[in-house]
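See structure below.
Residue numbers (our numbering): 61 to 299.
Shown next as structure tokens:
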């Protein structure tokens with residue numbers, strides 16, 4: 061257990077000067093900001109608030125910060141292209157081929173892992189347990205694992221009107237019988253499966269494939285209903 065305030069990098073486990081690292085990459089906040097560079101953080105445990113920058117924490121040394129930044133740089137380009145992905149004939153998802161599996165999968169793992177090791181209240185619901193060390197090892201050694209290991213699938217609300225300006229803390233969620241976490245960042249929902257049990261073929265179809273095919277699923281939800289659910293969550297919180 062690494063003590064809070066120590067100079068041990070949480071990724072390489074070496075003593076070093078730590079950088080004030082983003083937990084969620086700053087580019088994910090990009091479209092959320094208003095004209096004053098603010099976005100709305102909505103939580104069930106504290107009052108909603110406007111934030112002007114993403115959560116930072118002294119977690120990583122410069123070398124590890126640079127390593128994760130490479131994945132972020134690649135992921136930025138991929139995510140910006142999502143509106144131009146090809147649409148499946150069923151209309152259920154958009155997709156792109158030729159995605160660098162290693163870089164994008166390691167980017168996904170880095171989001172989950174940083175949320176798990178963070179001490180910030182925003183990520184208090186993320187407890188990776190014994191999976192934390194395994195994911196750390198995968199990131200340190202740049203090993204993305206099989207596509208079924210800690211798979212992540214992405215849902216997107218097309219043409220959002222309001223929800224794209226909201227971010228919510230990650231929440232635990234059962235995903236087809238498996239433990240997992242839901243991250244809501246604007247109109248993108250990231251679902252991470254954190255389980256030692258095998259996932260079924262239907263769930264595996266949702267994940268980034270080792271062939272380089274990425275599917276982003278269209279969430280045909282009623283946006284107003286989603287906003288009402290968020291409002292209900294706020295009303296039910298304990299003050």
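Ideal Cβ placement from N, Cα and C applies to all residues, glycine included.
On a predicted model such as this, the values are computed, not experimentally measured, just so you know.
Backbone secondary structure at residue i - three-state DSSP
{"i": "residue 119", "result": "strand"}
{"i": "residue 185", "result": "coil"}
{"i": "residue 272", "result": "coil"}
{"i": "residue 132", "result": "helix"}
{"i": "residue 206", "result": "coil"}
{"i": "residue 299", "result": "The pLDDT assigned to residue 299 is 30, lower than 50, so where the model puts this residue is not dependable; a value taken from the coordinates is nonetheless given after this. Residue 299: coil per DSSP, three-state reduction."}
{"i": "residue 267", "result": "coil"}
{"i": "residue 164", "result": "helix"}
{"i": "residue 74", "result": "coil"}
{"i": "residue 149", "result": "coil"}
{"i": "residue 170", "result": "helix"}
{"i": "residue 232", "result": "strand"}
{"i": "residue 80", "result": "strand"}
{"i": "residue 191", "result": "helix"}
{"i": "residue 139", "result": "helix"}
{"i": "residue 176", "result": "helix"}
{"i": "residue 124", "result": "helix"}
{"i": "residue 239", "result": "strand"}
Nearest to residue i (by Cα), restricted to the options the options
{"i": "residue 71", "options": "140, 163, 171, 151", "result": "171"}
{"i": "residue 66", "options": "119, 134, 88", "result": "119"}
{"i": "residue 81", "options": "204, 139, 227, 179", "result": "179"}
{"i": "residue 201", "options": "193, 208, 207", "result": "193"}
{"i": "residue 117", "options": "147, 77, 143", "result": "77"}
{"i": "residue 218", "options": "126, 85, 144, 84", "result": "144"}
{"i": "residue 233", "options": "227, 249, 136", "result": "249"}
{"i": "residue 126", "options": "74, 151, 79", "result": "79"}
{"i": "residue 278", "options": "191, 135, 247, 262", "result": "247"}
Residue i and residue j closer than 7 angstroms at C-beta
{"i": "residue 164", "j": "residue 213", "result": "no"}
{"i": "residue 272", "j": "residue 157", "result": "yes"}
{"i": "residue 238", "j": "residue 255", "result": "yes"}
{"i": "residue 155", "j": "residue 270", "result": "no"}
{"i": "residue 115", "j": "residue 198", "result": "no"}
{"i": "residue 226", "j": "residue 88", "result": "no"}
{"i": "residue 166", "j": "residue 131", "result": "yes"}
{"i": "residue 68", "j": "residue 75", "result": "yes"}
Residue i burial status per 10 Å Cβ neighbour count (16 or more: buried)
{"i": "residue 196", "result": "buried"}
{"i": "residue 168", "result": "buried"}
{"i": "residue 128", "result": "buried"}
{"i": "residue 149", "result": "exposed"}
{"i": "residue 228", "result": "buried"}
{"i": "residue 265", "result": "exposed"}
CB-CB length for residue i against residue j, believed under 8 angstroms
{"i": "residue 231", "j": "residue 185", "result": "6 angstroms"}
{"i": "residue 235", "j": "residue 251", "result": "6 angstroms"}
{"i": "residue 216", "j": "residue 276", "result": "5 angstroms"}
{"i": "residue 208", "j": "residue 136", "result": "So it is not a contact: roughly 26 angstroms between Cβ atoms."}
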